[in-house]
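Counting with UniProt numbering, you get residues 1 to 215 for the letters of the sequence shown.
Just so you know, even glycine gets a beta-carbon here, dropped at the ideal spot from N, CA and C.
Everything numeric in this text was worked out from a predicted model, so none of it was measured.
Accompanying notes for the structure given below.
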Amino acid sequence: MAPNLHKKLTKPVFVSSRVIHGFGRGSKKLGCPTANLEHDAVQKINLESGIYYGFAQLVDPPKQQRSTTINNNNDHTNTNEDLSIYRATSPSNPIYPTVISFGWNPHFNDVKQRTLEAHLLHSFDEDFYNSTIRVAICGYIRSERKFNSLEELIDTIKDDIRQTKDALREPEQQWLSVINDPFFFVENSAMKMKLINNNNHSHDSNNVHIHNNNN
Ligand SMILES: Cc1cc2nc3c(=O)[nH]c(=O)nc-3n(C[C@H](O)[C@H](O)[C@H](O)COP(=O)(O)O)c2cc1C
1 MAPNLHKKLT KPVFVSSRVI HGFGRGSKKL GCPTANLEHD AVQKINLESG IYYGFAQLVD
61 PPKQQRSTTI NNNNDHTNTN EDLSIYRATS PSNPIYPTVI SFGWNPHFND VKQRTLEAHL
121 LHSFDEDFYN STIRVAICGY IRSERKFNSL EELIDTIKDD IRQTKDALRE PEQQWLSVIN
181 DPFFFVENSA MKMKLINNNN HSHDSNNVHI HNNNN
């Protein structure tokens, strides 16, 4: 187990996007399904590449979601065990603790542009391609690496998930401003921009905005 080196960002970074297809190895090869965000949204993010923790919400999620842990799809990384506070305090669509990979996936040689992939700590019955996903990036875990084997990558991802749970578990209070942010409550992008303006957040025109406060 790696030491806990995760570090909270001074300001969370919010990004929303349609979920697109990646290379398809998340579920199949790694046992870790990920939602890939669109390139236009990803390239606006001003962060160094790496593995991060945060929260994510599906605006139009698949109809059936399981409330218990499942192991379909070879998914060995996910449980619904604790952290339910975030679902209890969420708006109409649940907000899930999430581990985020942002970068070039150096373990593989075929990634030509920076990607952002979110692995939601929840088991879903179906994939959610074409859904809209909202992601709040809250803290940094480690840099991306090329590993000696696929097993090493898988083990490290498991540890990233552990660190994500650890970082978000306590104290819960400090995350309430993130999960109560208007970003997670708005119904569509026009309304979102209005709310962001009203709340004095800085933002750009492509679904990325950054808090002005220091939470
Ligand atoms: C928590 C987490 C950590 C990751 N760490 C690395 C890493 O260190 N190096 C790397 O090359 N890829 C890393 N990845 C990216 C995976 O390689 C990528 O999710 C996988 O190839 C699936 O991509 P696909 O959706 O395009 O198929 C990580 C992904 C996750 C979710």
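(1) Consider the C-beta atom of Ile51 and the heavy atoms of ligand 1; say whether any pair is separated by less than 7 angstroms.
(2) With DSSP run on the structure shown, which of helix, strand or coil describes Gln57?
(3) Please report the distance separating the alpha-carbon of Leu30 from that of Glu152.
(4) Hey, Ser101 and Thr34 are a contact pair by Cβ (cut 8 angstroms); roughly how many whole angstroms apart?
(5) Any idea what DSSP makes of Pro182, helix, strand or coil?
(6) Please report how far the alpha carbon of Arg134 lies from the alpha carbon of Ile154, in whole angstroms.
(7) Alpha carbon to alpha carbon, how far is Asp60 from Val42?
(8) Looking at ligand 1, does it come within less than 7 angstroms of Lys146, judged from the CB to the closest heavy atom?
(9) Give me the residue from Phe124, Leu37, Glu48, Ser27 with the minimum Cα distance to Gly139.
(10) My output table needs one value for Lys29: the three-state DSSP class, helix, strand or coil.
(11) Is it the case that the CB of Cys138 approaches a heavy atom of ligand 3 more closely than 7 angstroms?
Once the coordinates are examined:
(1) Counting from 1 along the sequence shown, the entry for residue 51 is found at position 51. Judged by the Cβ position, Ile51 qualifies as a neighbour of ligand 1 at the 7 angstroms threshold, a heavy atom of the ligand being closer than this.
(2) Taking the first residue of the sequence shown as 1, we reach residue 57 at position 57. Under the three-state reduction of DSSP, Gln57 is assigned to strand.
(3) Counting from 1 along the sequence shown, the entry for residue 30 is found at position 30. Counting from 1 along the sequence shown, the entry for residue 152 is found at position 152. The alpha-carbon atoms of Leu30 and Glu152 are separated by roughly 10 angstroms.
(4) The residue labelled residue 101 in the question sits at position 101 within the sequence shown. The residue labelled residue 34 in the question sits at position 34 within the sequence shown. With a Cβ gap of about 7 angstroms, Ser101 and Thr34 count as contacting.
(5) Here the question's residue 182 lines up with position 182 in the sequence shown. Looking at Pro182 - three-state DSSP - the assignment turns out to be helix.
(6) On the sequence shown, residue 134 is found 134 positions in, with the first residue counted as 1. On the sequence shown, residue 154 is found 154 positions in, with the first residue counted as 1. Going from the Cα of Arg134 to the Cα of Ile154 covers about 25 angstroms.
(7) Sequence index remark: in the sequence shown, residue 60 carries index 60 (1-based). Sequence index remark: in the sequence shown, residue 42 carries index 42 (1-based). Each residue's alpha carbon lies about 20 angstroms from the other.
(8) As a position in the sequence shown, residue 146 is number 146, starting the count at 1. Remark: the shortest separation between the CB of Lys146 and any heavy atom of ligand 1 falls under 7 angstroms.
(9) Residue numbering aside, residue 139 sits at position 139 when the sequence shown is read from its first letter. Out of Phe124, Leu37, Glu48, Ser27, Glu48 has the C-alpha closest to the C-alpha of Gly139.
(10) By one-based count along the sequence shown, residue 29 stands at place 29. Three-state result, Lys29: helix.
(11) With respect to small molecules bound, the structure shown includes ligand 1 and not ligand 3.
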